[in-house]
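Residue numbers (this note's numbering): 917 to 1165.
For glycine and all other residues, C-beta sits at the position ideal for the given N, C-alpha and C.
Here the structure is laid out as structure tokens; the discussion comes afterwards.
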């Protein structure tokens, strides 16, 4: 069977205003540069995941703008809500983009909503944990990739770690009885990181907009370029991953 190729972008922070900027960055322009590389080099991808903070101004216009940009790729795109997002407006812009389970060959991707209304931190409520349990129990022979927005362990930036996933311990307990999870991806931290959680590889992906400086005590922007992640999901359960940086710092 063919290797499944999944792309991840995250933290696009789009605004409805074409002249709008976030942290002095034209987030639409940086996203367009990332999407141009994807369109040029990765048209063979099976799907693209957008793992939260799609919008900065939380407006309907920002989601329609994102949908228009992604539609030009001609590949399936799926959205997760982040702390800056409004799920109702996301659904109004593209209801087909809001899925909780993707079946891709010998793999399943489970998309977990860690957004908490009105709060920057993450939390997986009972419905999300039950959805995860059901997906793992019903498909024990499927290799599984999990996607969510918030980070699971501290990244040694106190200002950022205030908005961590608050019940990662519950997530670990749900995962413990199951042997078919192969990895976890997330956004939120605006930097590339790889670490282990519950004996599983976890990958944080750079933003398509502004980057955050690793290990900073207070908020600090990094000079690294925007980027995206390529995930290759092999039929035997192996997971390969690579971060691609795009454009100017």
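Q.
Using 8 Å as the cut-off, can you tell me whether the stretch 935-954 makes contact with the stretch 965-981, which would need three or more C-beta pairs spanning the two stretches below that distance?
A. yes
(Q) Once DSSP output is grouped into helix, strand and coil, what is the label at residue 947? (A) helix
Q: Quick one: grab the DSSP three-state call for residue 1048.
A: helix
Q: Determine, using beta carbons only, whether residue 1013 and residue 983 come nearer to each other than 9 Å.
A: yes
Q) If you compare alpha carbons, which of 963, 1160, 998 is closest to residue 1081? A) 998
Q) How about the stretch 1029-1039 and the stretch 1065-1075: do they share at least three Cβ pairs that are nearer than 8 Å? A) yes
Q: Determine the DSSP secondary structure at residue 1080, reduced to helix, strand or coil.
A: coil
Q: Name the two residues that bound the continuous alpha helix (DSSP H) containing residue 976.
A: 976-987
Q) DSSP state of residue 1007, grouped into three classes? A) helix
Q | Spatial neighbours of residue 1160 in its chain, beta-carbon cut-off 8 Å, leaving aside the 5 residues before and after | A | 953, 1143, 1144, 1145, 1146
Q. From 1026, 1052, 1059, pick the residue whose C-alpha is nearest to that of residue 1090; which is it?
A. 1052
Q | Simplified DSSP state of residue 1117, which is helix, strand or coil | A | strand
**Q.** Residue from 1096, 1112, 962 whose Cα sits closest to the Cα of residue 1020
**A.** 962
Q. CA-CA distance, residue 1034 and residue 991?
A. 32 Å
Q.
Could you tell me the alpha carbon to alpha carbon distance between residue 938 and residue 986, rounded to whole angstroms?
A. 20 Å
Q. In angstroms, rounded to a whole number, what distance separates the CA positions of residue 1032 and residue 1083?
A. 12 Å
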